[in-house]
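Trainee: Those protein sequence lines, which keep their order, are chains A and B. Quick note: the first sequence, position 48, residue 48 per the numbering used here, numbers continuous. Quick note: the second sequence, position 55, residue 55 per the numbering used here, numbers continuous. From the three backbone atoms N, C-alpha and C, an ideal C-beta is built for every residue, glycine too.
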Amino acid sequence: MPFALLKYGLKREYPAERHFPPQPELKSTYDVVIIGGGGHGLAAAYYLAKDYGITDVAVLDKGYLGGGNTARNTAIIRANYLTPEGVRFYAESIALFKELSQELDFNVLYSERGHLTLAHTDAAVRTSRWRAEVNKHLGVDSELIFPDQIRKLVPSLNLSEDVRYPILGALYHPPGAIARHDAVAWGYAAAAARRGVELHQKVEVTGVLRANGRALGVETTRGTVHCGRILQAVSGSSSLVAAMAGFRLPIHTVPLQACVSQPLKPFLDPIVVSGSLHTYISQSARGELVMGGETDPYGVYADRSTLEFKEGLIAHMLELFPFLAEIKVLRQWAGMVDMTPDFSPVMGKTPVENYYIDAGWGTWGFKATPVSGKRMAETIATGRVPELIERFRLGRFYEFKQIGERGAASVGH
Amino acid sequence: MKIMPCPLNGPRNISEFVCGGEVVIPPDPARCSAAEWADYVFMRDNVAGVVREWWYHVATAYWFIAERDTVTDEIIRTYPASELFSKRVVFTAPEEASEAGASEAGASGGKP
Ligand SMILES: Cc1cc2nc3c(=O)[nH]c(=O)nc-3n(C[C@H](O)[C@H](O)[C@H](O)COP(=O)(O)OP(=O)(O)OC[C@H]3O[C@@H](n4cnc5c(N)ncnc54)[C@H](O)[C@@H]3O)c2cc1C
Chain A
1 MPFALLKYGL KREYPAERHF PPQPELKSTY DVVIIGGGGH GLAAAYYLAK
51 DYGITDVAVL DKGYLGGGNT ARNTAIIRAN YLTPEGVRFY AESIALFKEL
101 SQELDFNVLY SERGHLTLAH TDAAVRTSRW RAEVNKHLGV DSELIFPDQI
151 RKLVPSLNLS EDVRYPILGA LYHPPGAIAR HDAVAWGYAA AAARRGVELH
201 QKVEVTGVLR ANGRALGVET TRGTVHCGRI LQAVSGSSSL VAAMAGFRLP
251 IHTVPLQACV SQPLKPFLDP IVVSGSLHTY ISQSARGELV MGGETDPYGV
301 YADRSTLEFK EGLIAHMLEL FPFLAEIKVL RQWAGMVDMT PDFSPVMGKT
351 PVENYYIDAG WGTWGFKATP VSGKRMAETI ATGRVPELIE RFRLGRFYEF
401 KQIGERGAAS VGH
Chain B
1 MKIMPCPLNG PRNISEFVCG GEVVIPPDPA RCSAAEWADY VFMRDNVAGV
51 VREWWYHVAT AYWFIAERDT VTDEIIRTYP ASELFSKRVV FTAPEEASEA
101 GASEAGASGG KP
């Protein structure tokens with residue numbers, strides 16, 4: 001590597017390389033059609049091509065690649081969930097994330113920071129201990145720590161007892177990380193396209209062709225496309241697209257908002273989350289403070305921002321970091337997230353044969369991009385749902401076997 | 001500030017209210033199958049467009065119905081539940097039919 005770098009440095013010219021190969025016209029038939037060109041759809045396309053040699057694949061997006069929630073999330077990656085199903089699943093994603101820049105030959109700026117979930121009540125301390133024990137049992141590094149240790153990790157945090165909700169402890173998860181979300185989508189897209197996958201932007205799926213309970217293809221704004229298998233990966237639009245295929249989902253679409261401050265010198269290494277105060281914060285590589293909280297209180301299919309969100313968020317943030325009162329908010333935005341009642345995803349087969357689903361990613365799906373792509377590709381290629389994701393089946397709701405992650409996912413994303 | 005026109009309290013800040021979800025007529029718990037019950041408890045139409053929902057004014061403990069456009073975020077009309085429900089809905093299932101399914105729904109439904 002250093003020699004290659006030296007050679008590169010001594011070159012006279014640096015011709016720009018196209019990131020995506022030029023795309024052909026949309027064909028009328030493919031082996032696999034993927035609805036939704038977010039991180040999940042693109043990752044699935046990549047692993048279909050790489051792991052299974054399935055390259056007759058078209059990814060269709062009604063907007064632009066990675067322009068949905070993939071572009072809007074706050075990029076938190078962690079595996080400190082509450083249920084064994086969740087912990088195992090997200091731990092595999094972390095393992096894939098760590099190698100991702102190398103695998104895709106594209107820097108996704110994976111940055112391990114450590115993740116703190118603050119506990120301000122006895123109940124929250126109990127949940128932290130519970131999560132730490134489940135995590136450790138499954139080989140995931142998490143522990144319950146107390147204010148003296150928290151102070152060492154985040155010296156700027158207000159640990160005073162003279163506040164409305166004093167900090168009693170925290171769940172500390174050293175592997176917690178952030179990564180550049182756009183790069184994840186672009187890296188998967190380019191690596192998939194190099195293997196022959198087609199990426200078609202501004203193609204909206206408007207209907208799903210079916211006969212005898214089987215999916216045959218999709219209607220799009222650019223004509224009918226027939227295919228052998230379909231993967232739906234459209235996050236906030238999950239219920240709308242599933243309705244085209246003729247089934248319902250346990251999903252409610254709600255905006256989730258976030259904002260960033262003006263850039264500051266680096267002072268905050270770990271990601272800090274407070275469930276009781278409905279806020280979380282991390283500092284990006286550019287120095288901006290990335291801040292967010294809970295989903296909006298009611299469902300809307302629009303990515304608008306509200307003053308209420310910022311007022312609530314910032315009031316709580318100032319309790320944790322009072323000195324931020326002087327700092328300005330630079331940007332704000334929202335995404336439409338697909339919330340499930342148990343805060344776990346819906347993955348695998350559907351009532352329609354050959355039609356697969358990857359949905360219910362709510363506020364927590366960015367970290368799952370590699371693992372869901374890999375495991376959905378396996379499902380589509382082999383026709384068998386791997387054990388790791390089988391429990392996330394749509395059918396669990398008909399068996400009253402929810403996978404309750406609310407305690408680990410409602411604010412910390 | 002978004003305003004919710006409450007049929008009981010008049011126009012109030014929407015932060016005083018809780019959205020209770022789509023108005024769905026429950027199947028008869030004594031007679032329906034577990035699948036029908038699960039469908040009622042968990043599955044949603046999640047419409048992009050005009051929806052009819054339960055809303056609750058917290059301070060006065062008052063449930064009512066709102067018609068709302070989920071794409072434009074506009075509240076179209078609000079009215080008392082009595083416009084839709086003229087008869088009392090009875091939820092008590094006969095002894096032999098009250099199994100796990102029914103109690104799950106009570107825990108996560110939370111709607112009148
Ligand atoms: C503010 C915010 C903060 C978040 N923070 C975190 C976090 O810190 N950590 C974390 O793990 N997760 C987080 N999330 C959640 C995460 O962003 C999502 O779960 C994840 O990005 C979903 O990826 P996706 O590829 O499934 O969906 P998307 O990236 O939304 O992609 C879906 C694509 O489908 C396309 N589409 C929709 N309908 C159609 C159609 N009919 N035809 C064709 N294409 C269609 C859309 O245009 C879109 O590009 C956050 C989300 C938001 C909004």
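(1) Can you give me the C-alpha to C-alpha distance between residue 310 of chain A and residue 14 of chain B, rounded to a whole angstrom?
(2) Looking at the C-beta of residue 297 of chain A, does it have a partner C-beta in chain B at a distance below 9 Å?
(3) Straight-line CA distance for residue 249 of chain A to residue 13 of chain A?
(4) When the cut-off is 9 Å and only beta carbons count, does residue 403 of chain A lie next to chain B?
(5) Roughly how many angstroms separate the alpha carbons of residue 114 of chain A and residue 40 of chain B, rounded to a whole number?
(6) Can the beta-carbon of residue 393 of chain A be found less than 9 Å from the beta-carbon of residue 385 of chain A?
(7) Any beta carbon from chain A within less than 9 Å of residue 19 of chain B's own beta carbon?
(8) With 9 Å set as the bound, which would you pick, yes or no: does the beta-carbon of residue 72 of chain B sit closer than that to a beta-carbon of chain A?
(9) Sorted by chain position, which residues of the same chain lie with C-beta nearer than 6 Å to residue 25 of chain B's C-beta, five sequence neighbours on each side aside?
(10) Quick check: is any heavy atom of ligand 1 less than 8 Å from the C-beta of residue 374 of chain A?
(11) If you follow the beta strand (DSSP E) that residue 63 of chain B is part of, which residue opens it and which one closes it?
(12) Can you pull the chain B residues whose beta carbon is under 7 Å from the beta carbon of residue 300 of chain A, in chain order?
(13) Does the CB of residue 20 of chain A have a neighbour CB from chain B at under 9 Å?
(14) For residue 1 of chain B and residue 306 of chain A, what's the separation of their Cα atoms in angstroms?
(15) As an exercise, report each continuous beta strand (DSSP E) stretch of at least 3 residues that is fully enclosed by the stretch 12 to 44 of chain A, in chain order.
(16) Would the stretch 257 to 273 of chain A count as touching the stretch 18 to 36 of chain B if we require 3 or more Cβ pairs under 8 Å?
(17) Residue 82 of chain A touches chain B at which residues, Cβ-Cβ below 9 Å?
(18) On the three-pair Cβ rule with 8 Å, is the stretch 62 to 72 of chain A touching the stretch 32 to 40 of chain A?
(19) At the 9 Å Cβ level, is residue 192 of chain A part of the contact set with chain B, yes or no?
(20) For the structure I just gave you, are there three or more beta carbon pairs, one from the stretch 321 to 333 of chain A and one from the stretch 351 to 359 of chain A, closer than 8 Å?
(21) Would you mind sorting residue 6 of chain A into buried or exposed? The rule is 16 or more other CB atoms within 10 Å of its CB.
(22) Starting from residue 334 of chain A, follow its DSSP beta bridges and name the residues at the other end.
(23) Less than 6 Å between C-beta atoms, sequence neighbours within five positions excluded: which residues of the same chain meet that for residue 86 of chain A?
(24) Identify every run of the beta strand (DSSP E) within the stretch 173 to 205 of chain A, keeping only runs that are complete inside it and at least 3 residues long; order them along the chain.
(25) Nearest-angstrom Cα distance between residue 340 of chain A and residue 15 of chain A?
(26) Look up residue 312 of chain A in the DSSP assignment and say whether it is helix, strand or coil.
(27) My understanding is that residue 300 of chain A touches residue 45 of chain B, with C-beta atoms under 8 Å, so please give their C-beta distance in whole angstroms.
(28) Given that residue 64 of chain B touches chain A, what residues does it touch there, using C-beta distances under 7 Å?
(29) Answer with yes or no whether the minimum CB distance from residue 180 of chain A to chain B is below 9 Å.
(30) Among A:272, A:180, A:226, which one has its Cα closest to the Cα of residue 286 of chain A?
(31) Could you compute how far the alpha carbon of residue 66 of chain B sits from the alpha carbon of residue 89 of chain B?
(32) Give me, in chain order, the residues of the same chain whose beta-carbon lies closer than 6 Å to that of residue 256 of chain A; leave out the 5 immediate sequence neighbours on both sides.
(33) Under 9 Å, Cβ to Cβ, is there at least one residue of chain B near residue 400 of chain A?
(34) For residue 99 of chain A, does the count of other Cβ atoms within 10 angstroms reach 16, so buried, or fall short, so exposed?
(35) Verify the CB distance criterion: does residue 351 of chain A have a CB-CB separation below 9 Å to chain B?
(36) Should residue 187 of chain A be flagged as near chain B, meaning a C-beta pair shorter than 9 Å?
Mentor: Considering the structure as presented:
(1) Rounded to the nearest angstrom, the two C-alpha atoms are 16 Å apart.
(2) For residue 297 of chain A, a Cβ of chain B is located within less than 9 Å of the residue's own Cβ.
(3) The straight-line gap separating the alpha-carbon atoms of residue 249 of chain A and residue 13 of chain A is approximately 54 Å.
(4) No, no contact with chain B.
(5) About 41 Å.
(6) In contact: residue 393 of chain A and residue 385 of chain A (Cβ atoms closer than 9 Å).
(7) True, the Cβ-Cβ gap to chain A drops below 9 Å.
(8) Using a CB distance cut-off of 9 Å, residue 72 of chain B counts as an interface residue toward chain A.
(9) Residues of the same chain with their beta carbon placed closer than 6 Å to that of residue 25 of chain B are lacking, with the five preceding and five following residues left out of the count.
(10) No, since every heavy atom of ligand 1 falls outside the 8 Å radius drawn around the Cβ of residue 374 of chain A.
(11) Unbroken beta strand (DSSP E) run through residue 63 of chain B: 62 to 69.
(12) What residue 300 of chain A touches in chain B: 70, 73.
(13) No, residue 20 of chain A lies away from the interface with chain B (no Cβ there is under 9 Å from its Cβ).
(14) Note on geometry: alpha-carbon atoms of residue 1 of chain B and residue 306 of chain A lie some 8 Å from one another.
(15) Within the stretch 12 to 44 of chain A, the complete beta strand (DSSP E) runs of at least 3 residues are 29 to 35.
(16) Verdict: no, contact absent.
(17) Going along chain B, no residue has its Cβ under 9 Å from residue 82 of chain A, so there is no contact; the nearest lies around 17 Å.
(18) Taking one beta carbon from each stretch, the stretch 62 to 72 of chain A and the stretch 32 to 40 of chain A have 3 or more pairs nearer than 8 Å; the two touch.
(19) Judged by the 9 Å Cβ criterion, residue 192 of chain A is not in contact with chain B.
(20) Too few Cβ pairs lie closer than 8 Å, so no.
(21) In summary, residue 6 of chain A is exposed, with fewer than 16 beta-carbon neighbours lying within 10 Å of its beta-carbon over all protein chains present.
(22) Answer by DSSP bridge pairing, in chain order: A:257.
(23) The beta carbon of residue 86 of chain A sits closer than 6 Å to the beta carbons of 405 from its chain, once the five residues preceding and following it are set aside; these are given in chain order.
(24) Fully enclosed beta strand (DSSP E) runs of 3 or longer: 198 to 200.
(25) Distance between the alpha carbons of residue 340 of chain A and residue 15 of chain A: 47 Å.
(26) Three-state result, residue 312 of chain A: helix.
(27) Under the criterion of beta carbons closer than 8 Å, residue 300 of chain A and residue 45 of chain B do not qualify as touching, at roughly 15 Å.
(28) Ordered by position in chain A, no residue passes the 7 Å Cβ test against residue 64 of chain B, which lies about 14 Å from the chain.
(29) So no, residue 180 of chain A is outside the interface.
(30) When only C-alpha atoms are compared, the closest one is A:180.
(31) The C-alpha of residue 89 of chain B is placed about 20 Å away from the C-alpha of residue 66 of chain B.
(32) 295, 335, 337, 363, listed in sequence order.
(33) Residue 400 of chain A counts as touching chain B.
(34) Under this definition residue 99 of chain A is an exposed residue.
(35) So, not an interface residue.
(36) Not one chain B Cβ lies under 9 Å of residue 187 of chain A.
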